Structures are given as structure tokens and as C-alpha cells.
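Numbering (my numbering), first residue to last: 91 to 275. From the three backbone atoms N, C-alpha and C, an ideal C-beta is built for every residue, glycine too. On a predicted model such as this, the values are computed, not experimentally measured, just so you know.
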Amino acid sequence: MTAPEYRPVSHSRTTLTELMIPSYANFGGKIHGGILLSLMDKVAYACAAKHAGNYCVTVTVDGVNFLQPVEVGDLVSLLAAVNYVGNTSLMVGIKVISENVKSGFVKHTNTSYFTMVAKGEDDKPAQVPGLVLETHDDARRFLEAIKRRELSRRYQTEFAEAKSILTVEEELYLLQGERCKVAYK
Ligand SMILES: CC(C)(COP(=O)(O)OP(=O)(O)OC[C@H]1O[C@@H](n2cnc3c(N)ncnc32)[C@H](O)[C@@H]1OP(=O)(O)O)[C@@H](O)C(=O)NCCC(=O)NCCS
91 MTAPEYRPVS
101 HSRTTLTELM
111 IPSYANFGGK
121 IHGGILLSLM
131 DKVAYACAAK
141 HAGNYCVTVT
151 VDGVNFLQPV
161 EVGDLVSLLA
171 AVNYVGNTSL
181 MVGIKVISEN
191 VKSGFVKHTN
201 TSYFTMVAKG
211 EDDKPAQVPG
221 LVLETHDDAR
231 RFLEAIKRRE
241 LSRRYQTEFA
251 EAKSILTVEE
261 ELYLLQGERC
271 KVAYK
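See below:
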């Protein structure tokens, strides 16, 4: 079956809810960041593959900042939607919320953006359907994604350049005031 030329955002909108069990906790009793990252990757895949109608791989992840801890016993929901499509890539926005089932208190722990690429039968990047923006928010997210991509590309180029001209001997003075000691000659 050939994929349609366009698919609406609502076609692939996906929610994954999971109970935070004790084996997910770190030594401080809070949920490991890696557990949340794994769930985010899973929901990003489900959402991207549904839009693409193809197998997808994760290329980059933006905006992973865990601002609030998640507790054992919380119900975590990951709300995913395709925010942007390029030619073979697409960006999935994921909002993570955590609910205390006893009090009903809900906190927003983070919002992150997964860029995925669709792969065809030949394992090469495959074109994804265009995106039908059904709401004002869909249009806002698409425009924000364009800016996010531009800034990310600019950052990568500028950082690669800064790294290529970095001379340790000349820039050691920048370590003054940092919490480190140079212990080699
Ligand atoms: C992602 C991958 C398919 C890109 O392959 P490639 O030969 O560089 O393909 P292209 O240059 O044609 O890029 C394909 C798309 O990926 C996008 N892309 C590639 N690198 C990117 C990056 N660092 N950030 C954002 N997008 C990127 C390109 O912009 C392009 O998007 P578009 O078609 O919408 O314009 C390839 O690097 C790969 O398979 N990586 C492994 C991914 C994986 O296995 N992930 C699981 C975690 S281990």
C-alpha cells in the first residue's frame, strides 16, 4: 500500500501512560531519568511510525531537562504528536506529565523533541507524508520546529568551528576560577 501524500496531526497523536514501579527508582527514591528517556523514545517511535507508515529511527533529541522529580507510584503520561515533517525526517514533540494518584496533583516534568527518520524496505531514508495542520497550535508548533532546527544547525556549525580553533595551551587561563586543577606538565 502506498502512503498518502498528507496525513493530519490527529492521525498519529499518541499517549503512553505507565505506572512508576519501585524498580524504576534511583538510590534517592526518585524515578531514573533513563526510564523516562526510554519511555519517550518508545512513544516517539509509535507516533513517528504511525505518521510515516514506515519503520523509524531516532536521530537527535532536543530539550531534555528534567525540571521536577517523578515519584514511585506516580502515573506518568507521555503525550506525543508530530510537530514538523521534512522530507524523510519528522520531529515529534513529547509532553511528559506525572500524576499523584492519591491527591490528583499533576505536574509537568518536561517537554522534549525527538527527530526521527523514516526508513524504507532498503533501509534507506524514505519520504514521509506531509502534515495537515488542523489547529492554530499545530501551525505554531510547526513554525517553532523550523526555528528549533535552524538554531540547532547553527549551534552545531558554530561549535564545530569553535572546537577546531581551540588551543588548550592558549586557553588554559580560562580555567582560572573553575573548580579544577591542572595536574600535568
Ligand atoms: C539518521 C540516518 C538515517 C541519516 O542518514 P543519512 O545518510 O545522513 O541521511 P540523509 O543525509 O539523507 O538525512 C536524512 C534526514 O535526516 C536528517 N538528519 C540527519 N542528521 C541529522 C541531525 N543530526 N539532526 C537532525 N536531522 C538530521 C536530515 O536533515 C534528513 O532530513 P530530511 O530528509 O527531512 O531533509 C542515519 O544517520 C542513521 O541510520 N543513524 C542511526 C540512527 C539509529 O539507529 N538510531 C537509533 C539509536 S542507536
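> Can you find at least 3 beta carbon pairs, one from the segment 157-168 and one from the segment 188-204, that sit closer than 8 Å?
Replying inline: Counting Cβ pairs under 8 Å, three or more are found: they touch.
> Considering methionine 130, what are the terminal residues of the alpha helix (DSSP H) in which it resides?
Replying inline: 123-142
> In angstroms, rounded to a whole number, what distance separates the CA positions of aspartate 131 and glutamate 248?
Replying inline: 28 Å
> How about arginine 230 and tyrosine 203: are their beta carbons less than 8 Å apart?
Replying inline: At least 8 Å separates the beta-carbon of arginine 230 from that of tyrosine 203.
> Is cysteine 137 near valine 182, with beta carbons less than 8 Å apart?
Replying inline: yes
> When DSSP labels each residue in this structure, what does serine 193 get in the three-state scheme?
Replying inline: coil
>> Within a Cβ cutoff of 6 Å, which residues of the same chain sit near glutamine 266, ignoring the five residues on either side of it in sequence?
In response: Correct list: empty, nothing qualifies.
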